[in-house]
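Going by our numbering, the first residue of the sequence shown is number 390, and it counts up by one from there. Beta carbons are placed, not taken as given, at the ideal position from N, Cα and C, and that holds for glycine.
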Amino acid sequence: MPRLSSHVYRIWVFIVGVIATIAYRLVVVLNYYSQFWVEVAWYIGTIGFIWYFAHRYRVENRRDKLIEKLELIKKMGANQSFKPEDKAALLYVLKSLETSLAKWNYIAIFLFSGLAMAYAMYVDLSAIFK
Numbered sequence: 390m391p392r393l394s395s396h397v398y399r400i401w402v403f404i405v406g407v408i409a410t411i412a413y414r415l416v417v418v419l420n421y422y423s424q425f426w427v428e429v430a431w432y433i434g435t436i437g438f439i440w441y442f443a444h445r446y447r448v449e450n451r452r453d454k455l456i457e458k459l460e461l462i463k464k465m466g467a468n469q470s471f472k473p474e475d476k477a478a479l480l481y482v483l484k485s486l487e488t489s490l491a492k493w494n495y496i497a498i499f500l501f502s503g504l505a506m507a508y509a510m511y512v513d514l515s516a517i518f519k
């Protein structure tokens, strides 16, 4: 059975996500002041998003695999010991988790953040070593 990440780690990942979001938004403001700080904010935001979305993808994937492996939707549909309201709510949650496209969003953001990071490092290092 999959284990949840520790509470401290989950809080840390949340904070990383918030910092990354703020850093990306600061790029617009910093553009008026210093190219150096724009790049610092951009790197912080990109690294933060790579970490955050890799974590979120892992969580979503674990849930999906567990639901599928244990055939939870099928079992919930066949079990009559639940109250109708409870059963409907649980079926809704399980089906929405199983059919969610969120993990593909995480893959896209993770991939494009990684590509952007690689491009930025290439450009920055090329400028340094010219």
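Who are the near neighbours of residue i in its chain, counting only those whose CB is closer than 8 Å to its CB and skipping five residues on each side?
| i | result |
| --- | --- |
| residue 416 | 427, 430, 431 and 434 |
| residue 436 | 409 and 506 |
| residue 457 | 487 |
Between which residues of its own chain and residue i is the CB-CB distance below 6 Å, once the five residues before and five after are set aside?
| i | result |
| --- | --- |
| residue 440 | 405 |
Using the rule of at least 16 other Cβ atoms within 10 Å of the residue's Cβ for burial, across every protein chain shown, is residue i buried or exposed?
| i | result |
| --- | --- |
| residue 502 | buried |
| residue 482 | exposed |
| residue 518 | exposed |
| residue 508 | exposed |
| residue 478 | exposed |
| residue 467 | exposed |
On a Cα-Cα basis, can you pick out the residue from the options that is closest to residue i?
| i | options | result |
| --- | --- | --- |
| residue 444 | 395, 517, 412 and 422 | 395 |
| residue 414 | 446, 438 and 470 | 438 |
| residue 490 | 474, 470 and 453 | 453 |
| residue 447 | 516, 509 and 392 | 392 |
Are residue i and residue j touching if we call contact CB-CB under 8 Å?
| i | j | result |
| --- | --- | --- |
| residue 442 | residue 403 | no |
| residue 465 | residue 480 | yes |
| residue 449 | residue 492 | yes |
In chain order, what residues of the same chain lie with their CB nearer than 7 Å to the CB of residue i, ignoring the 5 residues before and after it?
| i | result |
| --- | --- |
| residue 484 | 462 |
What runs of the alpha helix (DSSP H), each 4 residues or longer, lie entirely inside the stretch 468 to 516?
Complete alpha helix (DSSP H) runs here, min 4: 473 to 488.
Kindly provide the ranges of any beta strand (DSSP E) runs that are 3 or more residues long and lie completely inside the stretch 415 to 457, ordered along the chain.
The qualifying runs do not exist here; there are none.
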